[in-house]
Structures are given as C-alpha cells and as structure tokens.
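A short worksheet on the structure shown next.
Protein chains: 2
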Amino acid sequence: MAVSTINSNKINSDLVKERAKCTFNTVELTHLLDGGAEKTNERKSREKFFLEDPELRLKVPLEYLSHKEKYEESIRIACNIFKKVNQLQSEGKGGMDNFREILGGQLGSALLKDGNPLTLHYVMFIPTVMGQGNIQQQAEWIQKAWNCDIIGTYAQTELGHGTFIRGLETTATYDPKTEEFILDSPTLTSYKWWPGGLGHSANFAIVVAQLYTQGKCHGIHPFIVQLRDEKSHKPLPGIKVGEIGCKMGMNCTNNGYLGFENVRIPRTNMLMKNNQVLPDGTYVKSPSSKLTYGTMIFVRVVLVQDAATYLKKAVIIATRYSAIRHQSQINPNEAEVQILDFVTQQYKLFPYISMCFAFQYAANWLWDVYNNVTGELESGHLDNLPELHAASCVFKAVSSADAAQGVETLRLACGGHGYMTSSNLPQTYGLVTAMCTYEGENTVLLLQTARFLIKTWQNKSNISKLPTVRYLETSLHKNIPFEKSVKWIISTLQQTTAGKINLANEHINQRVKNGQSYEDAWNGTSIELTAAAELHGRSIIVETFYNTVNNLKKQTSQQLGAVLQHLLELYAVYTILRSTGDVLRFTNVLGRDVDVLQLWLEELLAAIRPNAVGIVDSFDIRDEVLSSALGAYDGNVYERLFEEAQKSPLNSDPVNKSFHMYLKPFLQSSL
Amino acid sequence: MAVSTINSNKINSDLVKERAKCTFNTVELTHLLDGGAEKTNERKSREKFFLEDPELRLKVPLEYLSHKEKYEESIRIACNIFKKVNQLQSEGKGGMDNFREILGGQLGSALLKDGNPLTLHYVMFIPTVMGQGNIQQQAEWIQKAWNCDIIGTYAQTELGHGTFIRGLETTATYDPKTEEFILDSPTLTSYKWWPGGLGHSANFAIVVAQLYTQGKCHGIHPFIVQLRDEKSHKPLPGIKVGEIGCKMGMNCTNNGYLGFENVRIPRTNMLMKNNQVLPDGTYVKSPSSKLTYGTMIFVRVVLVQDAATYLKKAVIIATRYSAIRHQSQINPNEAEVQILDFVTQQYKLFPYISMCFAFQYAANWLWDVYNNVTGELESGHLDNLPELHAASCVFKAVSSADAAQGVETLRLACGGHGYMTSSNLPQTYGLVTAMCTYEGENTVLLLQTARFLIKTWQNKSNISKLPTVRYLETSLHKNIPFEKSVKWIISTLQQTTAGKINLANEHINQRVKNGQSYEDAWNGTSIELTAAAELHGRSIIVETFYNTVNNLKKQTSQQLGAVLQHLLELYAVYTILRSTGDVLRFTNVLGRDVDVLQLWLEELLAAIRPNAVGIVDSFDIRDEVLSSALGAYDGNVYERLFEEAQKSPLNSDPVNKSFHMYLKPFLQSSL
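Line by line, the protein sequences are chains Z and B.
Residue numbers for the first sequence follow UniProt numbering, beginning at 1 and rising by one.
Residue numbers for the second sequence follow UniProt numbering, beginning at 1 and rising by one.
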C-alpha cells in the first residue's frame, strides 16, 4: 500500500465519536480554566504571534542534532524570541507574567522543547536586581538588562552545594583599599555548577558568595559580576567558565560552571537593598532579612502551575491516543476495543486528569495567599509567613513528585509508542522530573513542612489563626461517621494526618527519652515525618479543590458543574485510597468502607469515560505545544509516527556509509 | 585554584573509612553472587578481554554525537565486538549464554551504553531458527548466521499491534503455482515497527505474519525474509525499510520499520518445525503448539536478571555517592554530614540494595522451574506449564516496574547530579523502564497471572500440586499471631493475597449477577485483579529470598550470614509495609503491629548502614560498566564530573560561533 500523508482535515473517526458524545460544552470549560473568554482570546493571540512565526521554527527536529548543533540552533531561536518580546514591550504588551510564559511556561516549552539558554536573563537576573538592588543599582542595571545590552544569569548552586545554601563556598572578600570585592573559588567543589545560560551565553551573572569583610564572614550575599568581554565574548581574566555537559533533559539551556581566581569587582556591585558594606568595610545588616523569602515562595507558586501544565500535556496525549488505539478484546467474539475502554487504562489516565485541576486550583490558592502575606510583610506583619512557607514547600514537593509520576504513568500507558521521542512524552518526563530536585530538593522541603507541623502540634496556642493547620486542634478525637462524600474524605484525611503527626511526635519524644539528642531523634523519625507532611499537603489540595468547585458551580452550566464534581470526587477518592494503610490505622474507617470507596472510584471512572476526550480538549493546547505524534487534535497517530520517522537523517540514504566502512568488510572477512 | 586531574590511586577518604568498618569479607559475597570463585574469575577475564580492548572504545562520549553519528560509531564497535565473539568461538569459549551477556547484559551495556544494532542477530534470529526451523532449515540458515555471512533480526511488532500478537496484520499468502509465499502490508498499521537493527543494519529478518493458504487464515507464523541485497545492501524490490527515529533510550539499536509490497519468498522460508505448508498448499498443524511458549518464558527469566543488574548499577552509584556527598547538618553545631547518615536517604537506598538480591534469587528460582518444566514438556507432560507461565508473567511485571521505580528513586536521591548524563543514571533509567512495556506490557501480564489465580481460586482440586499457589487453599482463614519474623511476613502476605483474590472473585460474581457478561465483569474488576496478582508475585519473591538465604547461610561465614539476614528482613518488612492498607483489611494485623514493623524497618536501616558501601562493592561491577562520575570505585566524584564536562565539544572553543552569528547582532540591534 502507499503510505498516506497527513491530512489534518481528516479527523480520526474514534475521536469524532468521542467528541460527539461529550455531555458538556468544551468551550465553556476552556474559558473557565483561562479565567474568562477574554483571557482565552489573549492567550490564543499570543500563541499565534509566536507559534506561527517561521523564524521561530527548528530546521531539523532537535533530537537528531549533535549537542553542539542543538545549542547553536537554540541560540538562534532564543534571539528571535527575545526580538519578539522586545516588540511586544514596545507595543505595551510586555510585563513579567508574559515573559515567564513565553520563556519557560507552556508556550516557551513549545518554542524550545529542550530549554531556552537565555531564559534566566528575564526570569532570574532582572527580578533579583529588582528585588535586591537599591535604587541606584536598579537604575543602572535594569535599564541595561531590559534593553538586552547585557545578558545575565543567576549563579548560586555549586558543585558541592545545592539546597543547603548556607554551605556555599565561593568567597567575596572586601578590600577597603581599592573598595573592591575579590571573588574566589577556594576549592573544586566551590565551582558554580548548573546556572542556565552560563556556559557560553551570558556575559553577566548574579553570583551568590560568602561575604567577608573586616575579617568576618557575614554569610551569603548576591553580587553582579561581569563574566565575558562585551565585544569579543571572551571570558575575562580569572573567570573559568564552560558548560557542564549533557543531561536527562534541558540540553538547550546551556547550563554552565564558573570558577573565580581572585576576580575583582567594585563595591557597588554587591546588591545592597537589604544588607550593605560601607566603603570602609563596615557591614550594615538589614532589619528585614525575611523579605528575601518572597522570591523563593513566588518561584514555588510558579512550579505548582508548571506541574499542572506538564501533566495536562501528558494527559491530553495519552487520552487521545487511548481513544484511537484499538488493541485486544474484552469479549472474545467482538472486535478489538479502544484501549480507553479497559478499566485499568482509565485508572492510569483519569486520576491524572483530575490532578491537573487539583494542582491548578492549588496554585491559584497559593498565589492568593502569597499576595496577602507579602502585602502584610510590607507593613511589617510577619505572623503568617511560616504557614505560607510550610504550604509552599509541601505543595512544591507533592505537585512535582505526583506530576512526574503521572507523566511517567501516562507515558507507559501509551505502550512502546510512548517511548518514542515523537510522542514527546520522554522529553516531558525529562522536564517534569527535574522539578523534584531543583528549587529545593523534595525531601528537604517535606521536612521543613514537618518542622512547622510538629511545632504547631507541640504548641497549639496560636492555631486558630492558621487556616491550613487549624484542623490539628480537634480532628484527632473527632467521631467521623462514614459517608460517601468529599467532605467526609477531607475530614478523614485530616484525622489521619493528625494521627501521623501525633505518632511521629511521640516517637521523637521516645528517642529523646532513650538518650538521643532532639536532632538525632528527629532524623530517626524522619521517614514518618515526611509521610505526615505529604499527607497534610494532599489534604489541603483536596480541600482547596472542594472549595473551588463549590464556588465555580455557582457560575457554570449544570452540565459543566457535573463534570467538575466528578473530577473533584475522583481526585478525593483516589487520594484517600492511596493512603488506605494510614487511614485504617488512624481513624475508625473499616475494611468495608474501603470497599465502598473502591466501588465509588470505579463508578467515577465510568462516569468520566464519555467525557474524557472532551475534558482534555478543553485544555485547548495547540498541536505545536503538544508536539506529539500520539496527541494531535486530528488523531492521525500512525501517519504522524511514520512521518516523524522520515525526518531522521539516517533515512535520507537507503544505505548508510557505515555499511561500506565496517559492516561489509566484517561480513566478508567471516566468509 | 587549579583544577585537579583524577588520580585513581587516591581513594576518597570517606570511602576508605566506609570500607574499613565493613563487618564482612566482600570477596566472599562476590563469589557467592557469581556462584563460586571460579565463576568470578571467568567473569573477570571475560570483562578484561572486552573492556580493555581499545578498538571497543568510543572516540567521543555518545551523548555529544548526532543521531546519525551515534549509529555509525556503534556499528563500528558492534562489528569489533562480533569479531571478538568469533575469536572466542574459535577458541571454544562461545555459547549462547556468553552472547547474551556480551551483547545485551551487564558487559554489553558497558560496551555500547545505548544499545547494540546487531544484538538481535544472536539473541533472536539464531535462536528462532534453532527453535522453530526444521532440520533442513537449521542446516541451511544457522551455518550462514553463525558465520556472519548474513545479519538477521526479528520482526514481529507492528505499528498497530504489540502485546496482542493475534491482531498482527502482515499477511503471507501461499501461491501453490510458484510454491512461494507473498508477503504484504495491507495497511499503514501493519508496518513492522521496533525491531532492533532493522533500520539499516540487518539484511535478513524473521517476519511474523498471518498465514493464508487455500483461502483460509491459519494465524501467525514465522518466515525468513531477505531484506537487502547482500553485496550492495540496497533494499530489495517491494521492501520498504528505514529506522523509526529517536527514543527515550537505546538510540544505537537502530530500531526499524518494514513494509512489504507483494514480496515473494520460497515456501521453504516458512519455519516449519511445528506447523507446515505442503507444496500443494495443504496446512499441517503440529500437535504440540504449546512448545513455542518456551522461548517467551526463557526471555522473561532473562528480564528478571536484567532488572537486578540495572538496579545493582544504580544502587552502587547512589550508595557510593551518598557516602561521599556531605550536605547539611543533623546537629546544628556539627559539621555537614555524609548524606548517607540521613535516615530518609537510607530509606531511598537500602530497600533497593535488598531488592537486587531478591530479584537475582527470584530469577535463579524461575530458571530452575523453567528447566524442570521444559524437561517435562519434552516428555509430553504439560500440567505445570500454566503455573510457570503465571509466575513468569508476574515476575517480569513486578521486577521491571520495581527496578524502574528503584533506578529513578536512586537517581533522584543523587539530587541534581543524578540528572547529569555523566552520572549514567538517566540512561540506566531509559533502559530499565523500557522493560515495562516490551516482551509483554506489564498490565496485560498481571491480568494473565490474575486469570490463573482466579481459576485456581474457583477450582482448588489440583492445588496441592501447585507450589506457588498452594497457600490459597488454607491461608484465608488461618489464625496468624503477630511475630517479628520473616516467616510471619510471608504468611501474612499470603493471607492478604488470598483475601484480595477472594474479594475480586466476589466482585466479578456480583457484576455477573447484575447482568454483565463474565468478560465485562472481569474488566470492571481489573484494578483489583492486577493488585492481587502483584501482591501474589511479591509474596513468592519474599518466600524465594527466604528459602535461598536459609540455604546459603549453611555455607557462608557467620558475618556474611548476618548481612544476608539483614537484607532479607529489610526486603520483607519493606514489602509488607508497602501493602499496609491491604494487610490491615484482610488480616488480623493491628495498627500497633504496623508500628512495630516501622520500627523494625528503622532498626534494619541502621544495621545495614555500616555495611552499605561494602555490600555494593561486592557486586564487583567495574568502573567501565558503571560508567558514572558519581559511582566510580575511587570516589573522586567532583573531579570526574568536571572532567566529563570538559569532554563537551562546546567547551573546546571559549566563544561559540553562534555568538557572532546570532547573539552579538541581537545585542547590538537593541542598543
């Protein structure tokens, strides 16, 4: 037969049927998710502006290029993206929110699937100068950076230190004679390692270093350092810079290393909004050092959103493919069925559909809390910061871990084809799993949340003012009769969490009684502590989802309201069933109640089945963003897989030169 | 500071200390794992023969090459490997066992980290001709293949069909006039897709196709088909062949696609050991079609071994790195600690150390059962085949899924550095996760085991002869008083499994009562069925581990016996704690018993801590095989990370050409 070429007007007939049987208006859901029809239009026009520009398209799929070629091609595209960003700015359509989306978010990852080497300029360099520079520094540097006269990055992590930033080794020693700081890398482990764009792209960096002045170390501070000559781009004397090599993903982000051999910078290059070093070397400490927490928490809000975005992409791909793929029989005398009809397949897909909503609403909620608390901070009111910090830590940890597991489950649900790069699932996994270790390693973050929980448990005096942990006051001894409702699930999850925290606290006390220091006892109990924190995080996420849906249902059609209710219930039942062991240990729930929950789960899978394709369609993610042979809107899966294979440069010659060089001589020698 | 170069004589001081405090003789454990000192020596000399040959070394790390260059470089190395294999053969040291190890096993994956394009020639092509060809066919083809006059592959999977092989679409229609089969690909989905080496390497293939003769379809059969001209390597007329493109891993295996446009092959190219087509087109069916099960089960034994091997590599890397990496404090006034001292880190590592042993012993046990049952098959005795099939399905599913999760957990336990290609953890994950979908998709396999379990549950008449399921007869109603022992854990896991199978069976019956067909009821209950099968598999693995250690302890030193006992106990406790929910539902275990188990787990982590590095050292895997900057024996982690980065071709120029082409013009235009 002749291999057909793709005709996007021809929609796969299974998808046509799925879309016809959908019980709600998918456009209504799209608008709801975007925050209104106007927002949808804005998004669509931004996507059009970027995605339909031929200058932003790759010449060959990235995966076929060498590592070096990938970098060169992505610098070309990154410059073209920046030009368009500048154009938007000049039209008054700029702003930081847009930058993030264009450089790192859903749109950004469509333009450069494996990362953008210039992203940190807008996402870290400029915001750090804005947040930590004084007025003069802002005037000087933000202008240059905004105009792209310079390209900056942010160099914090070192070969030897990541999440534990107090341990960083790079030094900045003040020399009052010349009014300069001397930057130095005293060890190999003090080399900066990881910053995006540092390898060969940026010519400036914010460098985080231990500040020494008048013979004393004052801890880590940020400095602006020029790395390369602005004209020749050659590294300046004393600057050792290069790229760190290949990674599991993000091979176009040009992550770099950086070492200093006594590099001198002017005193005024230390960012001094908070702490200062005076010309004579006197160190002046700011009273409000907690203010720098803000950026860190902001980044975590963004990461929870990113987790939802990655998961959405994977869930669209896997759901459409499962509607198209026919394989095996349920009844031996009938035809092969859509794999979406296998309950085990639904179980791999639908909980993650509901999780997309759960994480998006969790991110929205965290964003609101963040804005409230930073407002309070400005007026010197710090009481709610620990709770916000605890919530942001656990949300980041839970959303990144669950989204990563989700993307991988969805990839595997596509069988062998999910292993193909042309499915875009392997790359999506490479990006989402990175979130588990960057911006705070997940286990460390869970233990930070656990510390807040144990502290609250030990001293409940202030608890009524802390909405996310208020339940700890009473839930341990509540009598919660079984009920097939989300409200019941929330109360039960809370009681279980309280039970886990209580037990962990007891175990710490026992270990201390047995002669351990509190810190060793904490370490000895840390498996239980992380598990308690995780469950706490999930129970807030279920509650947030519940509150959100109850609000939204007031404004949606009845049909859409029913869909949201199904998704909420599925996420809630799925979450409690993941923790059956703890629930049975710490509440009065019985084995037969678990049976009811399992049946409820199966009912919900069946209820969502007819709307599955409709729901993922509503995410309204363009084919260029999905970038997947398995997930395209038209469903021409096999034609696309075949077409993508044809793009392999190996397929341009029927006989590869290695046949003549190696294989033929070998075959003949054996004759 | 000057960046130091690696001195492998300088062993990292933390590793020196760890090795000094080890309580047992690591060489004793190495010999035990290899099956005796002689086997260890054989392995070591084989490794030396291959790994120290400069002709088998890559010129540049694979990850920096383009997709096409990767292929060309791996064909060069694959030919050199085959030459050495031929040399071994001529010295009488050949044999199929060795081939697998050299081409695909631990050694093979060191020689070609991302797959060998010629592997299927020895691993699938030759064995299939041997297993399914008649005497004449063996005489004709095995000689040619063994001499490497031809290079073969095995083409079964199609774009549209994987695990459900009955659905394959490629046709082989017999034409009695010319005594030929006509091979045809009637649809795009019937194109062969995935076979290794098919793209541009092999010139022959075993093709699995639906056999039509005298107007009737007789199901799938294997045919030998020539694909390319032996001299020019050009595809023969009617053969559409190429490679399928990039994948998550195995980018050097040259996986290909293959379509036929009425390609004629002689009748005698159908492999006819079992079924035959006579010259006039008469189809003659073999009475013993179950014999072909053998190869499939054999492959699964190998996969369980592979799962253990991948896990060993990852666990060595992560354990050594965790002993070397210092980060954060336990007590605020003390120095930063080895991350191996964090209990959460031990919890990420040590259960997977114990799992390496569990899977290796499970593979050994399966291998023995396989040999017994195939022996019985030859004498026409088929009774034990279903049980062996059920065990091989669940072992493959559980070992691949758990090993994949393990490798990924271990990768994440190395923080950001685990994301670096130079850690070799991302590639190891890419290889191990592929096992979840190839050679039978895991969910499908679990359901096959579940079918055997439910059948046995419904009819226990023969159960006393079935050692792996005998427990189902009595364990449901046993009274098992709590006891801190592995024996108790095994009984409790069995009781839990019996409870799950019983409940699933009830749910199927209820659904049938409610009017569903048995098949729909089965599908509706399939989430519970897969979970029951999984637990059944894990309980056999714990039991096998228990029996093996009890035997081994008779021959080992007391010190090594104690270490094996710790590992056994850890695997058992870890396994039962994973299923706490089910255990609480289906047995009399109480919450306070779970407390005891949790504490036991923590005690075992502490007991294994001093021997952790010693145990992974005993796996005795050479640095070339680990291929990891984080895992090398000398522990010079940071020096190696830095050295690997220097190999990036991007680092050979201080200024990349893209600066002049794109970045500089952009920066200037914005001035």
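In this text, a Cβ means the ideal position worked out from N, Cα and C, and glycines have one as well.
Distance check for Z:Phe359 and Z:Ser399, CA to CA, integer angstroms please. Cα-Cα distance, rounded: 7 Å.
B:Arg264 by DSSP, collapsed to three states: which one? Residue state, collapsed to three classes: strand.
Exercise. So which residues on chain Z does B:Val439 lean against when the C-beta distance must stay under 8 Å?
Worked result: For the sequence presented, residue 439 of chain B should be read as Glu rather than Val. The contacting residues do not exist; B:Glu439 stays about 11 Å from chain Z at best.
Between which two residues does the beta strand (DSSP E) containing residue 724 of chain B stretch? As shown, chain B starts at 1 and ends at 671. That puts residue 724 of chain B outside it, with no answer to give.
Open item on the list: Which residues in chain Z have a C-beta closer than 7 Å to the C-beta of B:Cys252? List them in chain order.
Closed with: Close partners of B:Cys252 in chain Z (Cβ separation under 7 Å) are lacking, with about 11 Å as the shortest Cβ gap.
- Task: Would you verify that the beta carbon of B:Arg538 is, or is not, closer than 8 Å to some beta carbon of chain Z?
- Result: So no, B:Arg538 is outside the interface.
- Task: Name, going along the chain, the residues of the region 409 to 422 of chain Z whose beta-carbon falls closer than 7 Å to a beta-carbon of chain B.
- Result: Interface annotation for the region 409 to 422 of chain Z against chain B: Leu412, Gly415, Gly416, Tyr419, Met420, Thr421, Ser422, criterion Cβ-Cβ distance under 7 Å.
>> With distance defined between alpha-carbon atoms, name the residue in B:Ile151, B:Gln137, B:Gln138, B:Ala110 nearest to B:Tyr122.
In response: Of the candidates B:Ile151, B:Gln137, B:Gln138, B:Ala110, the one whose C-alpha sits nearest the C-alpha of B:Tyr122 is B:Ile151.
Rounded to a whole number of angstroms, what is the C-alpha to C-alpha distance between Z:Gly35 and B:Ser539?
-> For the pair Z:Gly35 and B:Ser539, the Cα-to-Cα distance works out to about 50 Å.
Practice task
Determine whether the Cβ of Z:Glu336 lies closer than 8 Å to any Cβ atom of chain B.
Solution key: At least one CB of chain B lies nearer than 8 Å to the CB of Z:Glu336.
* Asked: Which of the three DSSP states, helix, strand or coil, is assigned to Z:Asp402?
  -> Reduced to three states, the DSSP call for Z:Asp402 is helix.
With 9 Å as the C-beta to C-beta threshold (strictly closer), list the residues of the region 143 to 172 of chain Z near chain B in chain order.
-> Going along the region 143 to 172 of chain Z in chain order, one finds Asn147, Cys148, Asp149, Ile150, Ile151, Thr157, Leu159, Gly160, His161, Gly162, Thr163, Phe164, Arg166, Gly167 with a Cβ nearer than 9 Å to chain B.
Checklist line | Bridge-paired residues (DSSP) for Z:Leu183 | finding: In the DSSP output, where bridge partners are listed per residue, Z:Leu183 has Z:Ala172, Z:Val263.
- Task: State buried or exposed for B:Ser74, treating a residue as buried only when at least 16 other CB atoms are found within 10 Å of its CB.
- Result: When all chains shown are included, B:Ser74 counts as buried.
Please go through the region 488 to 559 of chain B and give each complete alpha helix (DSSP H) segment of 4 or more residues, from N-terminal end onward.
For the region 488 to 559 of chain B, the continuous alpha helix (DSSP H) assignments of 4+ residues that do not extend past its boundaries occur at 518 to 524, 526 to 552, in sequence order.
* What distance in whole Å lies between the Cβ atoms of Z:Ala498 and Z:Tyr471, which are believed to be in contact at a cut-off of 8 Å? -> Approximately 7 Å separates the beta-carbon atoms of Z:Tyr471 and Z:Ala498; this is inside 8 Å, confirming the contact.
- Please determine, among B:Gly196, B:Tyr212, B:Gly162, the residue with the shortest C-alpha to C-alpha distance to B:Thr189. Measuring C-alpha to C-alpha distances from B:Thr189 to each of B:Gly196, B:Tyr212, B:Gly162 identifies B:Gly162 as the nearest.
task: Return helix, strand or coil for B:Pro195, following the three-state DSSP convention.
output: In the structure shown, B:Pro195 sits in coil (DSSP, three-state: anything other than H, G, I, E or B).
Interface partners of B:Ala645 on chain Z, CB under 8 Å: Contact note: B:Ala645 reaches chain Z through Gly242, Glu243, Ile244, Gly245, Tyr257, using a C-beta cutoff of 8 Å and chain order.
Are Z:Ala397 and Z:Asn442 touching if we call contact CB-CB under 8 Å? Taking a C-beta distance under 8 Å as the contact criterion, Z:Ala397 and Z:Asn442 qualify as a contact pair.
query: What in chain Z is Cβ-close to B:His233, meaning under 9 Å?
result: Within 9 Å of the CB of B:His233, the CB atoms of chain Z belong to Pro654, Val655, Asn656, Phe659, His660, Leu663, Lys664, in sequence order along the chain.
message = Mapping the DSSP letters down to three states, classify B:Pro61 as helix, strand or coil.
response = The three-state reading of DSSP puts B:Pro61 in coil, since its state is none of H, G, I, E or B.
| query | What residues from chain B crowd round Z:Leu217, counting only those whose CB sits closer than 7 Å? | reply | One detail in the question is off: residue 217 of chain Z reads as Cys in this sequence, not Leu. Near Z:Cys217 there are no residues of chain B at all, since even the closest Cβ is about 16 Å away, more than 7 Å.
message: Taking 8 Å as the limit between beta carbons, can you name the residues of its chain near B:Asp520, skipping five residues before and five after?
response: Closer than 8 Å at Cβ, skipping near neighbours: Arg511.
Member of Z:Phe357, Z:Ala314, Z:Glu230 whose CA lies at the smallest distance from the CA of Z:Gln427 = Across the set Z:Phe357, Z:Ala314, Z:Glu230, the C-alpha of Z:Ala314 shows the shortest separation from the C-alpha of Z:Gln427.
For the region 385 to 465 of chain B, list the beta strand (DSSP E) runs that are entirely contained and at least 3 residues long, ordered along the chain. Along the region 385 to 465 of chain B, the beta strand (DSSP E) does not occur as any fully enclosed run of 3 or more residues.
Nonlocal neighbours in the same chain, by C-beta distance under 8 Å from B:Asn636, ignoring five residues either side: The residues are Ile6, Asn7, Ser8, Lys10, Asn12.
The region 183 to 197 of chain Z in contact with the region 162 to 174 of chain Z per 3-pair CB rule at 8 Å:
The region 183 to 197 of chain Z vs the region 162 to 174 of chain Z: in contact.
Discussion item. Can you list, in chain order, the residues of its chain with a C-beta nearer than 7 Å to that of B:Ile265? Leave out the 5 residues immediately preceding and following it.
Written reply: Taken in chain order, the residues that qualify are Glu180, Phe181, Leu183, Phe223, Val225.
- With 8 Å set as the bound, which would you pick, yes or no: does the beta-carbon of B:Trp141 sit closer than that to a beta-carbon of chain Z? When Cβ-Cβ separations below 8 Å define contact, B:Trp141 makes no contact with chain Z.
Unbroken beta strand (DSSP E) run spanning Z:Phe204, endpoints
Segment 204 to 213, the beta strand (DSSP E) holding Z:Phe204.
*For my contact list, B:Leu56 and B:Ile77 are in at a C-beta cut-off of 8 Å; report their separation, rounded to the angstrom.*
Sure, about 6 Å apart at Cβ, within 8 Å.
Take the Cβ of B:Thr437 as the centre, count every other Cβ of all protein chains shown within 10 Å, and call the residue buried at 16 or more, exposed below.
Taking all protein chains in view, the Cβ of B:Thr437 is crowded by 16 or more other Cβ atoms within 10 Å, so the residue is classified as buried.
- Contiguous alpha helix (DSSP H) assignments of at least 4 residues, all confined to the region 281 to 345 of chain Z: If one requires a minimum length of 4 residues, the alpha helix (DSSP H) runs lying completely within the region 281 to 345 of chain Z are 293 to 324, in chain order.
Along the beta strand (DSSP E) that carries B:Tyr633, what are the first and last residues, could you check?
-> Looking at the DSSP string, B:Tyr633 is not in any beta strand (DSSP E), and its letter there is neither H nor E.
From Z:Asp341 to B:Leu604, what distance separates their C-alpha atoms?
Just so you know, the alpha carbons of Z:Asp341 and B:Leu604 end up roughly 44 Å apart.
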